[in-house]
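In full-length UniProt numbering, the protein residues as written are 1 to 526. Every residue gets a Cβ at the ideal spot worked out from N, C-alpha and C, and that includes glycine. Since we're looking at a predicted model, the values are computed, not measured. The structure appears right after this line, and notes come after that.
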Amino acid sequence: MALFHDDDKPSSPNNAGSSKDGLVTMAFPAFSRKDVGLTKDAVTAVVEIKATSSAAMREGLDLVAVLDVSGSMSGDKIESVKKALQFVIMKLTPMDRLSIVTFDSSARRLNPLRSMTQAAQTDLKAIVNGLAAGGGTDIKAGLDLGLAVLGGRVHTESRTPNIFLMSDGQTSGDPRQVNPGDVAVYTFGFGAGTDHKLLSDLAKKSTGGTYSAVPDGTNLSAPFSQLLGGLLTVVAQDVQLTLEPNNADGDLDKMTVAPGTDYTTTTDAKSGLITIKFGTLFSGEARKVAVNFTLRDSDETEEYDATLAEARHSYAGQKTRQPSENILIVRTPNPSPADPSSAGASQRSVQAEELRRLHANTIGTASLLADAEKLAEAREKIMDAQNAVEDIMLDDGERMINALRAELLQLLTFMESQALYNERGHPYALATIASHGRQRTAGRGDEGEVISLYVTPRMIAYLEQAKRFEENPEEPVPTADDDVEEEIKNDPFGTIAAPLALYLDTAIQALQSIKKVLADASQRKR
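Next up, the structure:
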């Protein structure tokens, strides 16, 4: 497919010329156990990276809205699409760009990537108002054209390429054959009759994309607005984590990433180096990775610190290489008992992450049973998961427990009958699994009722703004620039949090290095 090369030159992003150092930081690894024995043993560590909470410096947004305008979209559905897009247009600024692609039996680009000046907003609102439904459905044609728009960009520096793909039906051809490359594809399944599994697979194939369910009778603006609240706060892209095993000291037998997250992960066959690619990080987002270690018998007879691996994160545009974090555990002849009731804060945080991953896996297993019309077995799985949630103690003020509890209760409600599950439970489960796998919010039709673990303050604000816009489309909508001004007003020190965190992290790393040198010297004297 031909590339266009006719994208508008956007205004410079607000991070132009600024240092991007410190926008993403890494916490000290948490362990499932306080210490381990000198004989063969195993332990799990959780490595967490987190983006700064301030969006004062963000990447420019390049968004292509790929819209199903087939005959089944007539009536309330096409009107919901129009209103959701009007909200998107009003939020964007001249540093952001938007192109609209529609598809029925074929695909059409209605406009190139336009820098969202006031004139461009007026033009695109007119295009949106003119949308009409009719014809068949060819998702592959729409996705191919949307990717061609982004692939043909002339201006790409400090810009994130994204697609919003929305459809309400079955499709000809197989869009799973399309390679999205580095483009994040966010898909939205609109109502009953949608091939929800297909749309989920398309999002999963991209880096960072999620699938959102939009049940009949709900507004598309809710999931659109929440994700827009993330895309307009991207503080880092091409974010990745490397885990380098320490094969030299003899403690480590094997290192693997625990299942339960859905990122592009590669392992070097020779060195064992693991690379995990996350894509973008929104302001305030975090990514947790659980790493399983198996340990060999130790030759030591006394307690010592064992370095199992080195963790390091990186992202595009950073000038200073991020400091690494040693994954270090105490080995002792008298290890502490593995008693969950006496676990410390670090151990409980790992237990919480294990519970979250088990929770998502259980929902996946239960949904497969329900898809196979084994509803009684599926309900039993969900009830087992409910018991597991109630049995754990956490340090996060019940936020995780309440979120997981609400997800299970909602899904159990949707399993009251096979027909209800097929209409509501199946897409709800797919969106929930996608959300946990990517640790990013996804729409499920319960926005405003169930608070996702992964929503950020800007997402919540945009959802409220979208609700007000639905009620009164004539009411002015604040732009993303207005939101930043309000954020700085409410938290004037937020903009310096990132560089301050970097300086503190660097100082801590230096102290740790000194400690290691002293410990090595002490070992040699023995």
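### Query
From ASN292 to ALA466, what distance separates their C-alpha atoms?
42 Å
### Query
In three-state terms, what does DSSP make of ARG159?
strand
### Query
Is the CB-CB distance between GLU486 and PRO478 below 9 Å?
yes
#### Entry: Limits of the beta strand (DSSP E) - the one that THR266 falls within
264 to 267
### Query
Using the beta-carbon count (16 or more within 10 Å), is LEU3 buried or exposed?
exposed
### Message
Give the list of continuous alpha helix (DSSP H) stretches no shorter than 4 residues that lie fully inside the stretch 67 to 115.
### Response
76 to 91
### Sequence-distant residues of the same chain with beta carbon closer than 7 Å to GLY151, five excluded per side
LEU3
### Message
Let's see if you can read the secondary structure: which residues bound the beta strand (DSSP E) around ILE392?
### Response
Here ILE392 belongs to no beta strand (DSSP E), and DSSP marks it neither H nor E.
### Query
Among PRO10, GLU470, ALA222, which residue has its Cα nearest to the Cα of THR93?
PRO10
### Message
By the three-class DSSP mapping on this structure, what secondary structure does GLY437 have?
### Response
helix
### Task
Identify the continuous beta strand (DSSP E) that holds PRO180 and give its terminal residues.
Segment: none, PRO180 is in no beta strand (DSSP E) and carries neither H nor E.
### Beta carbon of ILE382 nearer than 9 Å to that of ILE363
yes
### Query
Can you tell me whether THR456 is buried or exposed, with buried defined as 16 or more other CB within 10 angstroms of its CB?
buried
### Query
Can you name the start and end residues of the beta strand (DSSP E) that SER221 belongs to?
Counting along the chain, SER221 falls outside any beta strand (DSSP E), though it belongs to the alpha helix (DSSP H) covering 221 to 231.
### Task
Report the rounded CA-to-CA distance for ASN472 versus LYS83, giving the unit in angstroms.
11 Å
### Message
Quick check: the Cα distance between LYS34 and GLN347, rounded to an integer number of angstroms?
### Response
7 Å
### Message
Can you list, in chain order, the residues of its chain with a C-beta nearer than 8 Å to that of LEU145? Leave out the 5 residues immediately preceding and following it.
### Response
MET1, VAL66, VAL101, PHE103, ALA107, ARG108, ARG109
### Message
Please report the distance separating the alpha-carbon of GLY425 from that of SER12.
### Response
44 Å
### Task
Assuming GLN351 contacts ALA345 (C-beta within less than 8 Å), just tell me the rounded distance between them.
Not confirmed; about 11 Å, so no contact.
### Message
Going by DSSP in three states, PRO473 sits in which element: helix, strand or coil?
### Response
coil
### Query
With a Cβ-Cβ cutoff of 9 Å, do LEU228 and VAL128 count as a contact?
no
### Query
Per DSSP, what kind of secondary structure is PRO245 in: helix, strand or coil?
strand
### Task
Put VAL235 into one of helix, strand or coil per three-state DSSP.
strand
### Message
For a quick check, are the C-beta atoms of ASP68 and SER200 less than 9 Å apart?
### Response
no
### Task
Could you tell me the boundaries of the beta strand (DSSP E) in which ARG287 lies?
286 to 295
### Message
For GLU285 and ALA429, what's the separation of their Cα atoms in angstroms?
### Response
22 Å
### Residue range of the alpha helix (DSSP H) that includes ASN422
Where ASN422 is concerned, there is no enclosing alpha helix (DSSP H), given that its DSSP letter is neither H nor E.
### Query
If you check the beta carbons only, do THR52 and VAL24 fall under 9 Å apart?
yes
### Message
Which of the three DSSP states is assigned to SER11 in this structure?
### Response
coil
### Query
How long is the line joining the alpha carbons of LEU63 and VAL149, rounded to whole angstroms?
10 Å
### Query
Do the stretch 323 to 342 and the stretch 25 to 44 make contact, defined as three or more Cβ pairs closer than 8 Å?
yes
### Query
Among residues of its own chain, excluding the 5 on either side of ARG357, which ones have a beta-carbon nearer than 6 Å to its beta-carbon?
GLY260
#### Entry: Extent of the continuous alpha helix (DSSP H) to which ASN129 belongs
118 to 129
### Message
Would the stretch 42 to 56 count as touching the stretch 113 to 133 if we require 3 or more Cβ pairs under 8 Å?
### Response
no
### Message
Please report the distance separating the alpha-carbon of PHE282 from that of VAL235.
### Response
6 Å
### Message
Going by beta-carbon coordinates alone, are GLY279 and ALA184 separated by less than 9 Å?
### Response
yes
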